[in-house]
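Written out below as structure tokens is the structure these notes cover.
Protein chains in written order, with the numbering used here: chain R, 360 to 616; chain F, 360 to 616; chain L, 360 to 616; chain W, 360 to 616.
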């Protein structure tokens, strides 16, 4: 199983926090991470390609193809730095997912990461007006700071986190990279920037970074409109061009921010 | 296909018996093995992680994530020792299952194991009040001791054992590790501690270990109540949180014993 | 992808013919090959195990488990020798099938094989009283001898051979091991010893071996009765024991010959 | 994952263009590439076999089996040369597809290729009389020449290209092999030589090769008739022989040109 990492820069960071926002339920984690990347003007430093990614490419509106990939950004803060991993896909097989997480952790660990936040959505199957944020941790010391910020950590029963957001916590724990997964409540039926905002509010507080919440609110509003447009265009395109879509893509992302 | 074994102790054992109780139909094998581990106060000595395990993690009630893993315990008896392999998952692919069994047998063989009992459920698709125990062996010498204990070994037609419980017998045979699979009759629809008790009664007799059958009965009763609670909580959680569950987890295990 | 070959003998053969009869449609190829192995009193010389085989084991009526495996037999004829490959399974994945064929061809080629016949069924979806035999070849020189024996080689359109019987011809061709696939017409719904007899009649003529056709006819009659019994027992067992069957097994084979 | 490349010639080429026409929607790309190969009398120079191809073989009308393979042709033009990759299959898994593209690019790059055109169909789910040609590129400099030839490059929304035609653009881009994917509008329900003609008209103009468009039109007409015959024969064969067909084959190709 091939993984290719192409570095375009080699940053030197001070015990950075890893923030993961790969596509998942409602694209909540991806939207939150992408917003933060833009707000902080984080810089891209590496791309990851893999034979375990889906066997297709995306065609952008311009006609340019977009390869399936994960991308790494870094940001140098006053007190501590951040590494972001985002992209347009996760792997297509259990083994692929496991090895992808190992690769991401290798890259983060090489840069000194000892902490992480993974971001995702928690689909509830019905519209959500005021999304709550749920949390799960791989070390108990992360529970108090999450609860202080209103994140629901303790639960009545057990649950699951599917994909990279959960596996990074699990595989990270074995390398002593500790942290939490923040999951924004979302319907699960469409891209949800509102849920992403709820997650982002918790995240910026945890990271101690300052971002304009006003700009964030505006972006969400803009995004909501654009997502709607995108959905309309997409339906039209589907009718017009009949392009076979085996998996949901994250085209909508292109209309945000 | 990656398998990582992390040893926390290095026991020295006298030709131990391997007892397998990984999750399967009705969690019969897992409940039986876990009960015995607790009764005997067996000690954990290794964890096994694998890229072939399902690509998710479990969230416990506490908010702590639980990684997909297999765990090894040992117990030093007066006459002979036992190695247990339990956990919250089997592998997700044929190759994964095969290589997992090879790995388990490597670990057991390194510690001197020449004998094994694998535990599982046999789903009959209807409620079972007085579960019978069925057996299959990889050496004929195991048939008489099973039949003496009321296990049904000979059958009218042929059948199958799916997963690790069967494959360990098959792959073990090639290494001259002989033994039997004990399967408790169960509906196949829910976690069945009653079937586990039937299997356990045969197993303790075969192993010649002494465990309080009273405590066992109490545990089953307790477990039954807790499983019911767990099922209720789980349904509630599913409604509340809509967590997507691609595969049955073994949350219920946390309520037992 | 692991393949283990265990040799129990090391025969020396004179440019043997490889005859393949692994399980497939109607078990036609397997029944034909097994009949011939018994008639000729061919000797077993190797077993092949693989991580690509299905992740289960068969339980025999005796309670003994039967591992998933392929088996190799040889027979020393007056003029030329035969290698047989039979077993209770093919691989579970495209890569597994390809590598299995490579392994079988390695074993055959090491023993000097330059020719092969692969045996199978051709399902027509309706009862077949007088099964015809269809053929496909990987070298044109095999067409005349097949047609002389009433095999239908030329066809109106194109078709396919799925699995090892076809792939051995394809991968064998690249090693200059030439031959034909013989396919007995069969319903595709049940084990079909009658179709196997049709295939076998062509095969013995091609191989120039002499076997009692009377005994063969008797066997088919016996087999038909036993297959019916087996089917009945199996249904009963399924009802009684509810054993989950993800794939058709070849239990019925145990009742034949 | 095994890939075997067998070279039958070792051409020396002047920065050739890679043209891909593997089977896909409506066999549009394959028909277009095969027509051009025949028109130009391009020469075969290599075959590629893989364990990732489907686990079956095709039986031709003659009774000869046809292995699953990809084939490479070259053509020496007055100004520049062409490499063609065609065949009867793509890979069966994401990893297989990715590695197949790497292999194709290795072969093309070794011969000096720095440019490519991949050909395919774009299924619209309804009959198409005057097929339009859609395009996607991995470098913006390919957009103007495509648009000059009436290809629709810019679109209202985003889309996808599934399989080798898209992945070659994506993986090629990382090697600085640039080019475009040309997709002929087609119903997606049957083999479509008319759509292939539309694609071919654009392609020959882009490549600057001269081919008889008259012969092309005649061929399409012939092909249409033959495809119809083939479909009829195939239906008959299916009824007569009941050959199980897990995947569409490209038998119809044999009737074209």
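Every residue gets a Cβ at the ideal spot worked out from N, C-alpha and C, and that includes glycine.
Practice task
Consider the Cβ of residue 617/F: report whether some Cβ of chain L lies at a distance smaller than 8 angstroms.
Solution key: Nothing can be reported for residue 617/F: it is not among the residues displayed for chain F, which extend from 360 to 616.
Problem - Length-filtered (4 minimum) alpha helix (DSSP H) runs lying within the stretch 525-579 of chain F - result: 552-566
Practice task
Answer with yes or no whether the minimum CB distance from residue 412/L to chain F is below 8 angstroms.
Solution key: The residue given as residue 412/L occupies position 53 in the third chain. Residue 412/L counts as touching chain F.
Handout entry: Reduced DSSP secondary structure (H/G/I, E/B, other) of residue 595/L
Key = For the purposes of this step, residue 595/L is taken as the residue at position 236 of the third chain. The pLDDT assigned to residue 595/L is 49, lower than 50, so where the model puts this residue is not dependable, and the model offers no usable value.
Problem - Partner residues on chain L for residue 419/W, Cβ-Cβ distance less than 8 angstroms - result: For the purposes of this step, residue 419/W is taken as residue 60 along the fourth chain, with counting starting at 1. Ordered by position in chain L, the residues that pass the 8 angstroms Cβ test against residue 419/W are 517.
Exercise for the section: Using 10 angstroms around the beta-carbon of residue 409/F, count the other beta-carbons present and answer buried if the total reaches 16, otherwise exposed. Expected result: Your numbering for residue 409/F matches position 50 in the second chain. Label assigned to residue 409/F: buried.
Problem - Under 9 angstroms from the C-beta of residue 495/F: neighbouring residues of chain L - result: Mapped onto the second chain, residue 495/F falls at position 136. Those are 416, 418, 419, 422, 423, 424, listed as they occur along chain L.
Problem - chain W within 8 angstroms of residue 448/R, Cβ atoms only - result: Your numbering for residue 448/R matches position 89 in the first chain. No - not a single Cβ of chain W is within 8 angstroms of the one on residue 448/R.
Practice task
Look at the Cβ atom of residue 405/F, then the Cβ atom of residue 366/F, and state whether they are nearer than 8 angstroms.
Solution key: Counted from its first residue, the second chain places residue 405/F at position 46. Counted from its first residue, the second chain places residue 366/F at position 7. In contact: residue 405/F and residue 366/F (Cβ atoms closer than 8 angstroms).
Handout entry: chain R contact residues for residue 528/W, given Cβ-Cβ distances below 8 angstroms
Key = Within the fourth chain, numbered from 1, the residue matching residue 528/W stands at position 169. The answer, in chain order, is 416, 424.
Practice task
Helix, strand or coil for residue 495/R, going by three-state DSSP, please let me know.
Solution key: Sequence index remark: in the first chain, residue 495/R carries index 136 (1-based). Residue 495/R: strand per DSSP, three-state reduction.
Exercise for the section: May I have the straight-line CA-CA distance separating residue 525/W from residue 477/W, to the nearest angstrom? Expected result: Position 166 of the fourth chain, counting from 1, holds the residue named residue 525/W. Position 118 of the fourth chain, counting from 1, holds the residue named residue 477/W. Each residue's Cα considered, the two are about 8 angstroms apart.
Exercise for the section: Determine contact between the stretch 436-454 of chain F and the stretch 533-551 of chain R, defined as no fewer than three beta-carbon pairs at a distance below 8 angstroms. Expected result: no
Exercise for the section: Flag residue 457/F as yes if its beta-carbon sits less than 8 angstroms from any beta-carbon of chain L, otherwise no. Expected result: On the second chain, position 98 is the one that residue 457/F refers to. Yes, because at least one Cβ of chain L sits closer than 8 angstroms to the Cβ of residue 457/F.
Handout entry: Length of the line joining the Cα atoms of residue 549/R and residue 418/L
Key = Within the first chain, numbered from 1, the residue matching residue 549/R stands at position 190. Within the third chain, numbered from 1, the residue matching residue 418/L stands at position 59. Near 48 angstroms, if we compare the C-alpha coordinates of residue 418/L and residue 549/R.
Practice task
Please work out which residues of its chain come closer than 8 angstroms, Cβ to Cβ, to residue 522/R, disregarding the five sequence neighbours upstream and downstream, and give them in chain order.
Solution key: Mapped onto the first chain, residue 522/R falls at position 163. Around residue 522/R: 381, 383, 449, 456, 479.
Problem - Beta-carbon contacts of residue 504/W that lie in its chain and below 8 angstroms, excluding the five residues immediately before and after - result: Mapped onto the fourth chain, residue 504/W falls at position 145. 565, listed in sequence order.
Problem - Cβ of residue 536/W within 8 angstroms of any chain R Cβ - result: Here residue 536/W refers to the residue found at position 177 of the fourth chain. So, not an interface residue.
Handout entry: Interface partners of residue 499/R on chain F, CB under 7 angstroms
Key = Here residue 499/R corresponds to residue number 140 of the first chain, with the count starting at 1. Result: 423.
Handout entry: 7 angstroms CB neighbourhood of residue 625/R in its chain, flanking five on each side removed
Key = Residue 625/R lies beyond the range of chain R shown here (360 to 616); nothing can be said about it.
Exercise for the section: Let me know the secondary structure DSSP gives residue 606/R once reduced to three states. Expected result: Reading the first chain from its first residue, position 247 is the one you call residue 606/R. With a pLDDT of only 31 at residue 606/R, under the threshold of 50, the placement of this residue in the model should not be trusted; the figure read from the coordinates follows. In the structure shown, residue 606/R sits in coil (DSSP, three-state: anything other than H, G, I, E or B).
Practice task
Indicate whether at least one CB of chain R lies closer than 8 angstroms to the CB of residue 525/W.
Solution key: As a first step, residue 525/W must be located in the fourth chain, where it is residue number 166. With 8 angstroms as the cut-off, residue 525/W counts as an interface residue toward chain R.
Exercise for the section: In the DSSP assignment, find the unbroken alpha helix (DSSP H) run with residue 458/F in it and report its ends. Expected result: As a position in the second chain, residue 458/F is number 99, starting the count at 1. Run containing residue 458/F: 453-469, per the alpha helix (DSSP H) assignment.
Problem - Alpha-carbon to alpha-carbon, residue 431/L and residue 528/F - result: Here residue 528/F refers to the residue found at position 169 of the second chain. Here residue 431/L refers to the residue found at position 72 of the third chain. Whole-angstrom Cα-Cα distance: 22 angstroms.
Practice task
Would you kindly check if the distance between the Cβ of residue 398/R and the Cβ of residue 570/R is under 8 angstroms?
Solution key: Taking the first chain and counting its residues from 1, one reaches residue 570/R at position 211. Taking the first chain and counting its residues from 1, one reaches residue 398/R at position 39. Yes, these two residues count as a Cβ contact at 8 angstroms.
Practice task
Check the DSSP bridge columns for residue 366/W and list the partner residues they point to.
Solution key: Reading the fourth chain from its first residue, position 7 is the one you call residue 366/W. Per DSSP, 405/W.
Practice task
Report buried or exposed for residue 518/F, applying the criterion of at least 16 other Cβ atoms within 10 angstroms of its Cβ.
Solution key: The count along the second chain starts at 1 and reaches residue 518/F at position 159. When all chains shown are included, residue 518/F counts as buried.
Problem - Residue environment, residue 499/F, which counts as buried when at least 16 other CB atoms sit within 10 Å - result: To locate residue 499/F, count along the second chain from 1; it is residue 140. That one is exposed.
Problem - Burial state of residue 576/F, where buried means 16 or more other Cβ atoms lie within 10 Å - result: By one-based count along the second chain, residue 576/F stands at place 217. It counts as exposed.
Problem - Cβ of residue 367/W within 8 angstroms of any chain L Cβ - result: Taking the fourth chain and counting its residues from 1, the one referred to as residue 367/W is at position 8. Taking Cβ atoms only, chain L never reaches closer than 8 angstroms to residue 367/W, which makes this a no.
Problem - chain C contact residues for residue 522/R, given Cβ-Cβ distances below 8 angstroms - result: In the structure shown, chain C does not exist; the protein chains are R, F, L and W.
Practice task
Could you list which residues in chain L have their beta carbon closer than 7 angstroms to that of residue 451/W, in chain order?
Solution key: Here residue 451/W refers to the residue found at position 92 of the fourth chain. The answer, in chain order, is 453.
Handout entry: residue 361/W classed as buried or exposed, judged by whether at least 16 other C-beta atoms fall within 10 angstroms
Key = Residue mapping note: residue 361/W aligns to position 2 of the fourth chain, counting from 1. Label assigned to residue 361/W: exposed.
Handout entry: Under 8 angstroms between C-beta atoms of residue 543/W and residue 492/W
Key = Within the fourth chain, numbered from 1, the residue matching residue 543/W stands at position 184. Within the fourth chain, numbered from 1, the residue matching residue 492/W stands at position 133. Their beta carbons are under 8 angstroms apart, which means residue 543/W touches residue 492/W by this criterion.
Problem - residue 502/W: contacting residues in chain R (beta-carbon distance under 7 angstroms) - result: Taking the fourth chain and counting its residues from 1, one reaches residue 502/W at position 143. By Cβ distance, chain R contributes 422.
Handout entry: Three-state secondary structure (DSSP) of residue 509/W
Key = Locating residue 509/W in the fourth chain gives position 150, counting from the first residue. Residue state, collapsed to three classes: coil.
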